[in-house]
Amino acid sequence: MLDLSKYQSIGAALKDALDQFSKEVCLMEADREREKERLTYHDFKERAHPLAKALQEKAFSAGDRASIIMTNQSKWLITAYAIFYAGGVLVPLDYKLTPEEQWQLLKHSGAKVLITEYPIWRQLSTAAGRDMATNVSTVLVTEAPQKADLAGAQRWEEFHGSGEPAFIPRTRNDVACIVYSSGTGGRPKGCLMTHENYLEQCVALTSTYPFAPGVRYLSILPTNHAIDFMVGFFGPFICGAAVVHLRTLRPEYVREAFAKYKITYVSVVPLVLKNLQKGLQARFDELSSGKRKVFNALVGLNRALTKSRPRIGLSRRLLRQVHDPFGGQLRTIIVGGAFTEPQTLQFFYDLGIPVANGYGLTEAGTAITVNDLKPFRADTVGKPLPGMEVRIVNAGSDGIGEVSVRSKTVMSGYLNEPELTAEAIVGGWLQTGDLGRLDPAGHLQLFGRKKNMIVTEEGKNIYPEDIESVFESLPVKEFCIFAANYIWPQRSMIGEQLLLALHLEPGQTYTDDLRREISARNSKLLNYKRIHGVVLFDQDFPRTASMKIKRNALAEQLAKLDRAAAFLPL
Amino acid sequence: MRTLEQTTQEVLDLASKHFNVPPGSLAPEDDFFKKLGIDSLQTLEMLSRLENHFGIELPDYEVQGVSDFRTLASRIQSRL
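Which chain is which? The protein sequence lines are A and B, in order.
In this note's numbering, each residue carries its 1-based index in the first sequence increased by 82.
In this note's numbering, each residue carries its 1-based index in the second sequence increased by 4.
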């Protein structure tokens, strides 16, 4: 692993890594059962440099912004490196957003260049919003069919400059990436992440979960997500490890990839982990009663032998039938993006597959705490990583209060939003909006949220104000969306729901027609963004002088209602 | 060559069989996330079944944002 304390930027560290590990394999890409590509660090450099040069020929220079909207693949990482090499700022956007949302964020970010895939561009190029984002002057599209209408874009594969590009140095305090943590409908929250944020986070994470040549990471979480960017790109690359990309994320191909590529690490969201648990449990349930008894005894033995620390080699030998389908090299499953239930974590640990459970926020530079497995504990999200200071603010008599973080990994602020930044970072401490408690062993336990938002099991952060536009002009007097737990706080991080608070017109009733209208509008939202129910409120919503709804005041009034009686499921 | 109507009907039949709901209880305009109460992973499993049935490959991006049977059937139809 490179000594990152010597480096000023992501680009400089990657540049040295490509030379130091030039003969090692860095990327493997498969589409279904077919392997499409296998690149060494040298090959990677050969692909990235002509792209960096071509960007420079387009007058792309230090501090200029370039956005990537792509599914996980080699070209994502090659493009990102070319942007850093040219001194640019990367704006990774979620390919699952709607085209309108993507244009909105492209405009907000001020990106000059957009790099995307042809199928995504096909939708983006004709979507409303393209005219607004006049800042995007160059569009590069990958894998466009020969006769495709590129709608003003250029082919990524042909976008080559001649000669060597100039490496543009950046300093630790310069912005490396603008990462959107929310705000597709309301005020976009573009987290300004500096080079130092990433360099420090990488040191902290790799101290607990080391990479090295020969280690293989399966990249399933979207690379625009802070976790995959770190453990599916920067982390493995500065250690000479390899990243495996799958172009088709069907469960059967993901399962096959573990054994085929001898995967060492993988990151998943809790939903995928639970699905994996379900599949394994179904397999165990099929065992005959005799075999089942033997198997349970082996699991019990493994549990006893790994009580104080994981013993991977031993677990692999004891529970071969569980470990072999995972390729026999799997060291840890990293789970992130949302809260994971302790019983799921325990299930895997008992099988000798440690799950690195942790807690983090984009604003904090990915992970704040991680379970260090010394010993494994399913009931917490682990201890703060090296360099992270965590404190609990306004703790009650039970020790529970808001989790607050100070670290070199915390973002420098939100793009163009000094007010939001001042609310989020107070005196150098990031206010997370999550409720937690530090136990005597220094482990963090989470107990719900203080902020008005939910996180789905798929790791999606949903803010009510981002989805309200779908319900505009609903035939009611007024409406407002809330996270149910924000109104009626619960000491829980799971099963979160969104609700639509409705104030009907005088004499109006909540009819089937109205419910159907709400359902129809709800279905226009992506499935994970949908509201779950309605709450009727018979008073005027409290508003500011400029007629904006006072959400906090309204939430306090709604809280007086009985949740079970007031919540009408859709 | 199947018509779009035939393809849609086959998609509905296969989905009702795969998720064990009564035949005829699904309609083309139904939102499958809501109607079947499934998550994104279960949807991917359904897509694999559909690929096998129709003998096609349906790239993940083709079904990005699709949530009703009619649109899903039209994406399949374009690859038959």
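Glycine included, C-beta positions come from ideal geometry on N, C-alpha and C.
CA-to-CA distance, residue j to residue i, given in whole angstroms
{"i": "Lys389(A)", "j": "Arg612(A)", "result": "41 Å"}
{"i": "Phe319(A)", "j": "Ala162(A)", "result": "13 Å"}
{"i": "Leu412(A)", "j": "Tyr431(A)", "result": "13 Å"}
{"i": "Pro227(A)", "j": "Asp406(A)", "result": "40 Å"}
{"i": "Leu661(A)", "j": "Gly447(A)", "result": "The requested residue 661(A) is not part of the displayed model; chain A covers only 83 to 652."}
{"i": "Ala460(A)", "j": "Thr591(A)", "result": "47 Å"}
{"i": "Gln13(B)", "j": "Pro436(A)", "result": "45 Å"}
{"i": "Leu51(B)", "j": "Tyr200(A)", "result": "22 Å"}
{"i": "Thr288(A)", "j": "Lys490(A)", "result": "16 Å"}
{"i": "Lys271(A)", "j": "Leu172(A)", "result": "15 Å"}
{"i": "Ser574(A)", "j": "Ala339(A)", "result": "34 Å"}
{"i": "Ser605(A)", "j": "Ile42(B)", "result": "14 Å"}
{"i": "Tyr663(A)", "j": "Glu540(A)", "result": "Absent from the model: residue 663(A). The displayed extent of chain A is 83 to 652, so no value can be given."}
{"i": "Ser207(A)", "j": "Ala215(A)", "result": "11 Å"}
{"i": "Gly234(A)", "j": "Val221(A)", "result": "7 Å"}
{"i": "Val257(A)", "j": "Asn306(A)", "result": "16 Å"}
{"i": "Pro624(A)", "j": "Leu636(A)", "result": "6 Å"}
{"i": "Val348(A)", "j": "Gly418(A)", "result": "11 Å"}
{"i": "Ala294(A)", "j": "Leu443(A)", "result": "26 Å"}
{"i": "Met152(A)", "j": "Gln639(A)", "result": "44 Å"}
{"i": "Val351(A)", "j": "Gly589(A)", "result": "46 Å"}
{"i": "Gly93(A)", "j": "Cys259(A)", "result": "12 Å"}
{"i": "Asp521(A)", "j": "Thr462(A)", "result": "9 Å"}
{"i": "Leu400(A)", "j": "Leu331(A)", "result": "30 Å"}
{"i": "Trp158(A)", "j": "Leu362(A)", "result": "32 Å"}
Identity of the residues DSSP links to residue i by a beta bridge
{"i": "Gly615(A)", "result": "Leu581(A), Pro651(A)"}
{"i": "Val70(B)", "result": "Per DSSP, none; premise fails for Val70(B)."}
{"i": "Ile474(A)", "result": "Val485(A)"}
{"i": "Asn439(A)", "result": "Val417(A)"}
{"i": "Ser264(A)", "result": "Lys271(A)"}
{"i": "Asp113(A)", "result": "Arg116(A)"}
{"i": "Tyr299(A)", "result": "Val325(A), Tyr347(A)"}
{"i": "His561(A)", "result": "Correcting the residue type first, residue 561(A) is Phe in the shown sequence and not His. Leu584(A), per the DSSP bridge assignment."}
{"i": "Lys465(A)", "result": "Val452(A)"}
{"i": "Arg6(B)", "result": "None; Arg6(B) has no bridge partner."}
{"i": "Gly518(A)", "result": "Gly483(A), Leu528(A)"}
{"i": "Leu172(A)", "result": "Ala148(A), Cys259(A)"}
{"i": "Thr224(A)", "result": "Glu199(A)"}
Residue i at chain B interface by Cβ criterion, 9 Å
{"i": "Lys490(A)", "result": "no"}
{"i": "Lys229(A)", "result": "no"}
{"i": "Lys611(A)", "result": "no"}
{"i": "Ile202(A)", "result": "yes"}
{"i": "Arg597(A)", "result": "no"}
{"i": "Tyr177(A)", "result": "yes"}
{"i": "Arg114(A)", "result": "yes"}
{"i": "Ser551(A)", "result": "no"}
{"i": "Leu608(A)", "result": "yes"}
{"i": "Asn543(A)", "result": "no"}
{"i": "Ser605(A)", "result": "yes"}
{"i": "Asn217(A)", "result": "no"}
{"i": "Thr153(A)", "result": "yes"}
{"i": "Thr224(A)", "result": "no"}
{"i": "Asn306(A)", "result": "no"}
{"i": "Glu182(A)", "result": "no"}
{"i": "Glu199(A)", "result": "yes"}
Short CB-CB distance (under 9 Å) between residue i and chain A
{"i": "Ser78(B)", "result": "no"}
{"i": "Glu14(B)", "result": "no"}
{"i": "Ser71(B)", "result": "yes"}
{"i": "Glu66(B)", "result": "yes"}
{"i": "Glu9(B)", "result": "no"}
The ligand GTP heavy atom lying under 8 Å from the CB of residue i
{"i": "Phe241(A)", "result": "For the structure depicted, the ligand GTP is absent and the ligand set is empty, with no information on it obtainable."}
- Item | Cβ-based contacts, 7 Å cut-off: residues of the region 344-355 of chain A near chain B | Leu353, Val354
- chain A contacts made by the region 25-58 of chain B, where a contact means CB separation under 8 Å: Asp35, Phe37, Lys38, Asp43, Ser44, Leu45, Leu48, Glu49, Leu51, Ser52
- Going along the region 324-338 of chain A in order, which residues come within less than 8 Å of chain B, judged by CB to CB distance? So the close ones are Arg329, Thr330, Leu331, Arg332, Pro333, Glu334.
- Are the region 105-112 of chain A and the region 175-186 of chain A touching by the rule of at least three beta carbon pairs closer than 8 Å? no
- Query: So does the region 506-516 of chain A actually touch the region 278-286 of chain A, counting three or more Cβ pairs closer than 8 Å?
  - Reply: no
- For the region 360-376 of chain A and the region 559-578 of chain A, state whether three or more C-beta atom pairs, one from each stretch, are separated by less than 8 Å. No, the region 360-376 of chain A is not in contact with the region 559-578 of chain A.
- Looking at C-beta atoms only, is the number of pairs between the region 239-249 of chain A and the region 126-145 of chain A that lie closer than 8 Å three or more? yes
- With a cut-off of 8 Å, do at least 3 Cβ pairs link the region 621-632 of chain A to the region 540-555 of chain A? no
- the region 471-485 of chain A / the region 534-543 of chain A touching (three or more Cβ pairs under 8 Å): no
- Decide if the region 64-75 of chain B is in contact with the region 35-49 of chain B; the criterion is three or more beta carbon pairs, one per stretch, under 8 Å apart. yes
- May I ask you to verify whether the region 391-411 of chain A touches the region 325-333 of chain A, counting CB pairs closer than 8 Å and requiring at least 3? Contact between the region 391-411 of chain A and the region 325-333 of chain A is absent, because fewer than three Cβ pairs lie under 8 Å.
- Identify each residue in the region 514-546 of chain A for which the Cβ-Cβ distance to at least one residue of chain B is less than 9 Å, and report them in chain order. Glu539, Glu540
- Please list the residues of the region 355-376 of chain A that have a C-beta atom closer than 7 Å to any C-beta atom in chain B, keeping them in chain order. Asn357
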